[in-house]
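Enquirer:
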């Protein structure tokens, strides 16, 4: 049941009416959970059992910890959650990696289907358990409420990963459908829909053509495919996030911001504060800081950065390409941190900043943005490729003079459009992503809204439209 | 509670929806605007388009085509005393390619130069594939009796034998089954065509959601060979001049960077049946390969679609035109 389908609209409309008129908070929790179960079960009812199993583990672990205050309880629950993730997502990867390392042939892998959104709800479960252990929140004694949080349908398939301490307190009040929330949510939804079915899917078709036969294309085609994929993955994933945040906003939930003009980032640290914010902040709070963060010396900081990024890569999928992608970002982050440390040392030693540099700060920032974008785009090649050989075929294509010359009109048009939005964000919005929040009480804005809807209908891509991040 | 306010709000939304629709519908005129058509079951082709209207194709390539007086996509000139007749599908209509760069026009230029009359005349229409081409062959010959040769453009020959055999039951020619039928349309037909021509957005939405007909894999069997033999001998009996099938196989790019020419499963059987019936065949596959190896250009696909897929692009049309010109030269035409 995708967001822009009739069954979804029917479910959402019915659930919204019932939630709006539900007189008690508990009734609303039950309605949220019911809607989640229908939404999730519509994909594959068998995985509901797994989801409910994870909820049950978290529920009892929380209650037991509340009573006995033993860390072991939380640790066991965390291990159980991680086992679920490992078995369903990584087992085959580890089996083949092991077999390949020890030259064992004829190893058969298991026929395991990846449950939808497993990486997302497991991370939310871990967030709940860690928050309970840290005392950030109290253990939840209401199974329905906890279940409604862990399976919250707008974000279960592709995020954002909402931390327990951000979400559960929002469930302690009655949620009513308010006009201003509906206006805001609808516009966010439309922004997401535009990014997804107008931009990402259309460019995706062009990118797929080049990635399916990279040796056939010349350097121009390859460069545009690399650029195209950078746009595609941003619009696909941030589009889904916008839709999820918009839907939740209509129900009076704040899921936070998941993207903030990431391609305006000047360095890797800035990039991860703007890209998939919920995941990067999850890794920061629950992996990087517990590992020691930057409190245990420089070498340890570099190591922590690297290992966090590798784990983040592995989270995306059981493939060596994701690990390499994470490692690339880890090295990039380490290098940036080293340069930053060196610059800090110079400053402390009283070496004055080059006056020419401060004079041309704008140009320097622009160069940093370009450099960071170029690195991120190259890393996306590894992320998108089927294997490392495939990634190298793409990357070596940058130097190939002969081949099919294919520049998709849509890649060019949407790149120009996005550059325009980013420039506007840069100069007029303090480098923050633009938000559209028209007052739909005004007739003029209603017309703009309707024109926008029909433009989406006209320009949408009617082919394959699966969300990239739903596979994680 | 003031009922007036929500009522006013609802009215505003209805008005906004209507304005929104008309604004985007207007934009759609420059993006993708179809034209009205009428079914000509007993005519030279399965359908004709509304003469004099403008067909705008922006979803695959970009071209604006003025439909000629006969309801087809040729340059709007009168028909010559003798001509080469081109039958085919949307590939021959030249979707997304300017009329001057389509293969019928290119061949016409080569044959007649800047003559005021058409020496190559295309009666291609949408979804006019092998079975319907066979079915309408006799009617086409009767509707355009001064044809000196007939070129039949096909992309696939993989159709079930029953469909091919039933196509042999030639459509009985009715001279009124031309653009003249537009004058006799029912109210429903007129409304449909009006909707198509003036509400292109609705047609675009309908096209986006339309499922494609997918044929199962057809294997070479004695029945298939018999079906080809029967149908081709039937069309051979209808026309004394040269009949030539212009076959353009599908293309794909393989992982190693080479072009793959994907032939129909029944291509060999079809080619054999053509030979048995003194029907010529132009296979564009080798020309596609040569073009790719010399300049890395593909015959299908546009900058707003994907390479190697979809309709003929300018390169495809040029290759087809060159192949036909060569054929005509060899045959002294």
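Protein chains in written order, with my numbering: chain Z, 1313 to 1784; chain D, 291 to 623. Think of the CB as a built atom: it goes at the ideal place given N, C-alpha and C, for glycine as much as any other residue. Note that the coordinates shown come from a computational prediction; the quantities given were computed from them, not determined experimentally.
#1: Using the C-alpha atoms, what's the distance from residue 493 (chain D) back to residue 1495 (chain Z)?
#2: So residue 303 (chain D) contacts chain Z; which residues on that side make the cut at Cβ distance below 7 Å?
#3: Taking CB distances under 9 Å as the criterion, tell me whether residue 1530 (chain Z) reaches chain D.
#4: With 9 Å set as the bound, which would you pick, yes or no: does the beta-carbon of residue 416 (chain D) sit closer than that to a beta-carbon of chain Z?
#5: With a threshold of 9 Å between beta-carbons, can residue 1731 (chain Z) be considered close to chain D, or not?
#6: Suppose only complete runs of 4+ residues qualify. What are the alpha helix (DSSP H) ranges in the region 1501-1538 of chain Z, listed by chain order?
#7: Buried or exposed: which applies to residue 322 (chain D), given that a residue is buried once 16 or more other Cβ atoms fall within 10 Å of its Cβ?
#8: Checking 9 Å against the spacing of the C-beta atoms, do residue 303 (chain D) and residue 325 (chain D) come in under that value?
#9: Just to confirm before moving on: does the CB-CB distance between residue 1456 (chain Z) and residue 1336 (chain Z) stay below 9 Å?
#10: Can you give the Cα-Cα distance for residue 1300 (chain Z) and residue 548 (chain D), rounded to whole angstroms?
#11: Please classify residue 1578 (chain Z): does DSSP put it in a helix, a strand, or coil?
#12: Whole angstroms is fine: what's the gap from residue 1358 (chain Z)'s alpha carbon to residue 1393 (chain Z)'s?
#13: What would DSSP say about residue 323 (chain D), mapped onto helix, strand or coil?
#14: Could you list which residues in chain Z have their beta carbon closer than 9 Å to that of residue 382 (chain D), in chain order?
#15: Verify whether the separation of the beta carbon atoms of residue 1483 (chain Z) and residue 1451 (chain Z) is less than 9 Å.
#16: Suppose contacts are defined by Cβ-Cβ distances below 9 Å. Is residue 539 (chain D) in contact with residue 557 (chain D) by that definition?
#17: For residue 1540 (chain Z) versus residue 1677 (chain Z), is the C-beta spacing smaller than 9 Å?
#18: Would you say residue 606 (chain D) touches the ligand ADP, meaning its beta carbon is less than 8 Å from a heavy atom?
#19: Residue 1364 (chain Z) lies in the alpha helix (DSSP H); which residues open and close that run?
#20: Where does residue 1522 (chain Z) land, buried or exposed, given buried means 16+ other C-beta within 10 angstroms?
#21: Please determine, among D:448, D:621, D:428 and D:510, the residue with the shortest C-alpha to C-alpha distance to residue 459 (chain D).
#22: Would you mind listing the alpha helix (DSSP H) stretches within the region 1690-1753 of chain Z that are 4+ residues and don't spill past its ends, in chain order?
#23: Under 9 Å, Cβ to Cβ, is there at least one residue of chain D near residue 1419 (chain Z)?
#24: Kindly indicate if chain Z contains any beta-carbon less than 9 Å away from that of residue 595 (chain D).
#25: Is it the case that the Cβ atoms of residue 1571 (chain Z) and residue 1550 (chain Z) are separated by a distance below 9 Å?
#26: Are at least three pairs of beta-carbons, each pair with one atom in the region 599-619 of chain D and one in the region 346-353 of chain D, less than 8 Å apart?
#27: Spatial neighbours of residue 1757 (chain Z) within its chain, please: CB distance less than 7 Å, with the 5 preceding and 5 following residues excluded, ordered by chain position.
#28: Would you decide whether residue 1348 (chain Z) is buried or exposed? Buried here means 16 or more other CB atoms lie within 10 Å of its CB.
#29: Kindly indicate if chain Z contains any beta-carbon less than 9 Å away from that of residue 522 (chain D).
#30: I need the boundaries of the beta strand (DSSP E) containing residue 573 (chain D), first residue and last residue.
#31: At a Cβ cut of 8 Å, what residues of the region 1692-1722 of chain Z count as close to chain B, listed as they run along the chain?
#32: Measuring alpha carbon to alpha carbon, tell me which residue in Z:1648, Z:1509 and Z:1334 is nearest residue 1485 (chain Z).
#33: What do you get for residue 466 (chain D), buried or exposed, if any count of 16 or more other CB atoms within 10 angstroms of its CB means buried?
#34: Is the beta carbon of residue 1560 (chain Z) closer than 9 Å to that of residue 1497 (chain Z)?
#35: Just curious, the beta strand (DSSP E) that residue 511 (chain D) is in, first and last residue?
#36: Identify the residues that DSSP records as bridge partners of residue 556 (chain D): which are they?
Expert: A quick look at the data gives this:
#1: 30 Å
#2: 1758
#3: yes
#4: no
#5: no
#6: Entirely contained in the region 1501-1538 of chain Z, the alpha helix (DSSP H) runs reaching 4 residues are, in chain order, 1513-1524.
#7: Residue 322 (chain D) is buried by the Cβ-count criterion.
#8: No, the pair does not count as a contact, with Cβ atoms beyond the cut-off.
#9: Residue 1456 (chain Z) places its beta carbon 9 Å or farther from that of residue 1336 (chain Z).
#10: Residue coverage of chain Z in this structure runs from 1313 to 1784, which leaves residue 1300 (chain Z) outside it and unanswerable.
#11: coil
#12: If I take the Cα positions, the gap works out to 18 Å.
#13: strand
#14: Per Cβ cutoff of 9 Å: no residues; residue 382 (chain D) is ~24 Å from chain Z at best.
#15: no
#16: yes
#17: no
#18: Absence of the ligand ADP is noted for the structure shown, with no ligands found whatsoever.
#19: 1358-1380
#20: Counting Cβ neighbours within 10 Å, residue 1522 (chain Z) comes out buried, since at least 16 surround it.
#21: Of D:448, D:621, D:428 and D:510, the smallest CA-CA separation from residue 459 (chain D) is found for D:428.
#22: 1700-1708 and 1721-1740
#23: no
#24: Taking Cβ atoms only, chain Z reaches closer than 9 Å to residue 595 (chain D), which makes this a yes.
#25: yes
#26: yes
#27: Taken in chain order, the residues that qualify are 1750 and 1751.
#28: buried
#29: no
#30: 570-573
#31: The displayed structure is made up of protein chains Z and D, and chain B is not among them.
#32: Z:1334
#33: Residue 466 (chain D) is exposed by the Cβ-count criterion.
#34: yes
#35: Where residue 511 (chain D) is concerned, there is no enclosing beta strand (DSSP E), given that its DSSP letter is neither H nor E.
#36: Per DSSP, residue 556 (chain D) has no beta-bridge partner at all.
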